[in-house]
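Take a look at the structure below.
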Amino acid sequence: MKRLYLLLGLLLLVLLLLPLVLDKYALGIFVMIFFYAYLGQSWNVLTGFTGHISLGHALYVGIGAYVSTFLAQKFGLSPWLGMLAGGVLATLVALSLGFLGFRFGLRGVYFVILTISCAEIARLVVSHIDAVGSFSGIFLDFKPGLANFQFRGNLPYYYISLGFMVLGSLAVHLLARSRTGRLMVAIREDEQAALALGVNTFKYSMTTIGISAFMTSLAGTFYANYVYYLSPNSMFGMGLSIDLILRPIIGGLGTVLGPIIGSFVLTPLSEVSRAYFAKGGLEGMHLVLYGVLAILVVLFMRQGILVYIKRALKPLLKLED
Amino acid sequence: MLEVKGMDVYYGDLQALRGVSLTVGEGEVVSVIGSNGMGKSTTLKAISGLLHPRRGSIHYLGRDITRLSPSAIVELGISHVPEGRQVFPSLTVLENLQMGAQFPEPIRRGAQTMEQVFDYFPRLKERLEQKAGTLSGGEQQMLAIGRGLMSLPKLMMLDEPSLGLSPLLVETIFEIIHKISQQGTSLQIIEQNVHHALCISHRGYVLEDGAVALLGPSQELLSDPHVCKAYLGL
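Line order of the protein sequences matches chains Y and P.
Under my numbering, the letters of the first sequence match residues 1 to 321, in that order.
Under my numbering, the letters of the second sequence match residues 322 to 555, in that order.
The structure is reproduced here in structure tokens:
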């Protein structure tokens, strides 16, 4: 295990120094890698560790993006504070959704439908509120500065998103190793057995959906201030909800390194192939590629890529399991 | 200590239990026998709060527990070892055992209880750091029972502890269950393995079609012509 931490430390050092040799385009790709790894990690807390499948996590991204942007434009509040406000609102929304799902025993596909419906309702509601730009969305004014969460060039975004990924993963790592983390896994593996042992599965399910939504919404604020444009479809849409779960699935569900590895594999592939296919007039073709990759992983590598990487590195790192 | 009166349980519109009444006394071992689909597991689930009866009542140590949540019921001292050794496969043996202690008192006495569990099942001590999913069927059953003991139950309910085990292991498991009962824990055992269950219990109930068809001291049931014919194949 020690060697694994050493290796991860080395990799982090490389990532910290990498901007010295990267151009703006490559930096942008890394920002997306870190961003999606963090998003995947946030979703992983709920679905990977606790086993409640959410297909509507864009809901929380949207809340984070819209709340911080709205507060910044209306009241001049720094997005850093707006981010926390968004986090609180996202947590409250998630707890109400969780209450409906967990209190009334919605499981499996029914819970999935609940999460999709809530995200879609939010998308439609936001599409009709003029104060936040209704259908056409909001363009952010470009006011660079640390307090405004906006910067010239990609370098600051690189370090902020790297920070999100590293700190988010560290938080999930600590959570997973705690007593609560083991209870989460117990709920995923056998909720009935956990109940029979006296585990308050409702309480722990609520805790995880709250943590997951809070983390996810922070990424929303980041994203808004990175692309400068929010629309109901891009922030609350089904497309994002699916996009953000592919990395942990491909990397390895319910593991801390899974979402990161998944993002390092999938995000560059998606960005490069998007550019490549768009040049040839085949816009959207990269999504097909995505789909095929996801199917292949689900068919042949059920547990994700991480398992294979671990197996390959086992002798080198002296891993136990 | 446990008194179930006229309990009706439904799955949706389907009635699974019809007026089931049973009692378990202090220090007593009671077995509930019957074939598949007769409502044995449903009875246990209703007592442990995983299902709630539509009619009837459940009293435990003089207290009405009919509507309590499963976790409140475990806290009162009823432990339910579910059917099919539902251990948590990706947690280690140690972590699985720790899962059994959810409340302050059991957590405080965790180390001590665990030593007692190792006394019953020395095998678990050897496999402490192993993932539960890699254990054999017999070891998983031992782990499930051990985990059930971690909550310091006054009444332990075992759902088919012999399911899918080799005859030799069945002997071992029942010997240990017998030992546990001698330490003063009351037991309610659900079994298809009628002979073994009746041998270690004081009294037995025969469930047929969701209702109690027959009850009596285990010795009498063992020699009852109906039980012999239907369950012991004699």
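Backbone N, C-alpha and C fix where the C-beta goes; we use that ideal spot for every residue, glycine too.
Values in this document were obtained by computation on a predicted structure and should not be read as measured data.
Using a Cβ-Cβ distance under 7 Å, would L174 of chain Y count as near chain P? No - not a single Cβ of chain P is within 7 Å of the one on L174 of chain Y.
Contact criterion: CB-CB distance below 7 Å. Does S392 of chain P meet it with respect to chain Y? Yes, S392 of chain P counts as interfacial toward chain Y.
Length of the line joining the Cα atoms of Q336 of chain P and D329 of chain P: For the pair Q336 of chain P and D329 of chain P, the Cα-to-Cα distance works out to about 7 Å.
Is the Cβ-Cβ distance between I261 of chain Y and G254 of chain Y less than 7 Å? For I261 of chain Y and G254 of chain Y, no; Cβs fall outside 7 Å.
For L313 of chain Y, which residues from the same chain have a beta carbon less than 6 Å from its beta carbon, with the 5 sequence-adjacent residues on both sides left out? Contacts found: none.
For A278 of chain Y, go through chain P and note every residue whose CB falls closer than 8 Å to its CB, in chain order. Chain order gives no chain P residues near A278 of chain Y, where near means a beta carbon separation below 8 Å; the closest approach is about 42 Å.
Buried versus exposed, by CB contacts within 10 Å (16 or more), Q503 of chain P: With fewer than 16 Cβ atoms within 10 Å of its Cβ, Q503 of chain P is classed as exposed.
Hey, would you say A219 of chain Y sits closer than 7 Å to L39 of chain Y, going by beta carbons? Yes, these two residues count as a Cβ contact at 7 Å.
Name, please, each residue of chain P whose Cβ falls closer than 9 Å to the Cβ of V199 of chain Y. Contact annotation for V199 of chain Y against chain P: P391, S392, V395, M420, Q423 [CB-CB distance below 9 Å, chain order].
For D440 of chain P, which option in P:Q407, P:I498, P:E492 has the closest C-alpha, if you only look at C-alpha atoms? Proximity to D440 of chain P across P:Q407, P:I498, P:E492 peaks at P:I498, based on C-alpha coordinates.
Backbone CA spacing between L46 of chain Y and G101 of chain Y [nearest angstrom]: The straight-line gap from Cα to Cα measures roughly 13 Å.
Should the stretch 350 to 358 of chain P be called in touch with the stretch 377 to 389 of chain P, which here means at least 3 C-beta pairs below 8 Å? No: fewer than three Cβ pairs fall under 8 Å.
Which residues of the stretch 248 to 260 of chain Y have a Cβ closer than 9 Å to any Cβ of chain P? Give them in chain order. For the stretch 248 to 260 of chain Y, which is checked against every Cβ of chain P, the residues closer than 9 Å are G254.
For R468 of chain P, which residues in chain Y fall below 8 Å Cβ to Cβ? Result: L197.
Buried or exposed: which applies to N154 of chain Y, given that a residue is buried once 16 or more other Cβ atoms fall within 10 Å of its Cβ? So N154 of chain Y counts as buried.
Endpoints, the beta strand (DSSP E) within which R524 of chain P is located: R524 of chain P: member of the beta strand (DSSP E) spanning 524 to 529, first to last residue.
I'd like to check one pair, Y157 of chain Y with V31 of chain Y: are the Cβ atoms closer than 7 Å? The Cβ atoms of V31 of chain Y and Y157 of chain Y lie closer than 7 Å to each other.
Contact between the stretch 204 to 221 of chain Y and the stretch 171 to 189 of chain Y (3+ Cβ pairs under 8 Å): In short, these stretches touch, since the Cβ pair count reaches three.
Please work out which residues of its chain come closer than 7 Å, Cβ to Cβ, to L553 of chain P, disregarding the five sequence neighbours upstream and downstream, and give them in chain order. Closer than 7 Å at Cβ, skipping near neighbours: V515, H516.
Can you tell me whether T50 of chain Y is helix, strand or coil according to DSSP? Collapsing the DSSP output to three states places T50 of chain Y in coil.
Straight-line CA distance for S117 of chain Y to V307 of chain Y? Between S117 of chain Y and V307 of chain Y, the alpha-carbon positions lie close to 34 Å from each other.
Would you kindly check if the distance between the Cβ of A196 of chain Y and the Cβ of A90 of chain Y is under 7 Å? A196 of chain Y sits away from A90 of chain Y, with the two beta carbons spaced by 7 Å or more.
Is it true that the stretch 462 to 470 of chain P meets the stretch 393 to 404 of chain P, where meeting means three or more beta-carbon pairs spaced less than 8 Å apart? Judged by pairs of C-beta atoms under 8 Å, the stretch 462 to 470 of chain P touches the stretch 393 to 404 of chain P, as three or more such pairs exist.
Listing by chain order, which chain Y residues have their CB less than 9 Å from the CB of H373 of chain P? The premise fails here: H373 of chain P is roughly 12 Å from chain Y at the closest Cβ pair, so nothing lies under 9 Å.
Give a yes or no on whether the minimum CB-CB distance between F409 of chain P and chain Y is below 7 Å. At least one chain Y Cβ lies under 7 Å of F409 of chain P.
Helix, strand or coil for K143 of chain Y? Go by DSSP, reduced to three states. If DSSP states are grouped into helix, strand and coil, K143 of chain Y belongs with coil.
Report the neighbours of V185 of chain Y on chain P: residues whose CB is nearer than 8 Å to its CB, in chain order. Under the 8 Å cutoff, chain P gives F409, S411, L412.
D130 of chain Y - DSSP class collapsed to helix/strand/coil: Assignment of D130 of chain Y by DSSP, reduced to helix, strand and coil, places it in the helix class.
Helix or strand or just coil, what does DSSP make of T434 of chain P? Annotated three-state conformation of T434 of chain P is helix, per DSSP.
Nearest to L372 of chain P (by Cα), restricted to the options P:Q451, P:P391, P:S411: Among P:Q451, P:P391, P:S411, the Cα nearest to that of L372 of chain P is on P:P391.
With distances taken between CB atoms, is the gap from A294 of chain Y to L246 of chain Y smaller than 7 Å? Their beta carbons are under 7 Å apart, which means A294 of chain Y touches L246 of chain Y by this criterion.
Could you tell me whether any Cβ in chain P is nearer than 7 Å to the Cβ of E191 of chain Y? Chain P contact via Cβ: absent.
Limits of the unbroken beta strand (DSSP E) element including S507 of chain P: First-last of the beta strand (DSSP E) with S507 of chain P: 507 to 512.
Which of helix, strand or coil does DSSP assign to T364 of chain P? Here T364 of chain P sits in helix by DSSP.
Determine whether the Cβ of P403 of chain P lies closer than 7 Å to any Cβ atom of chain Y. Against chain Y, the CB of P403 of chain P has a partner CB under 7 Å away; the residue lies at that interface.
Got a sec? Which residues, its chain only, sit under 7 Å from S362 of chain P by beta carbon, not counting five neighbours each side? Hits under 7 Å: E404, D480, I511.
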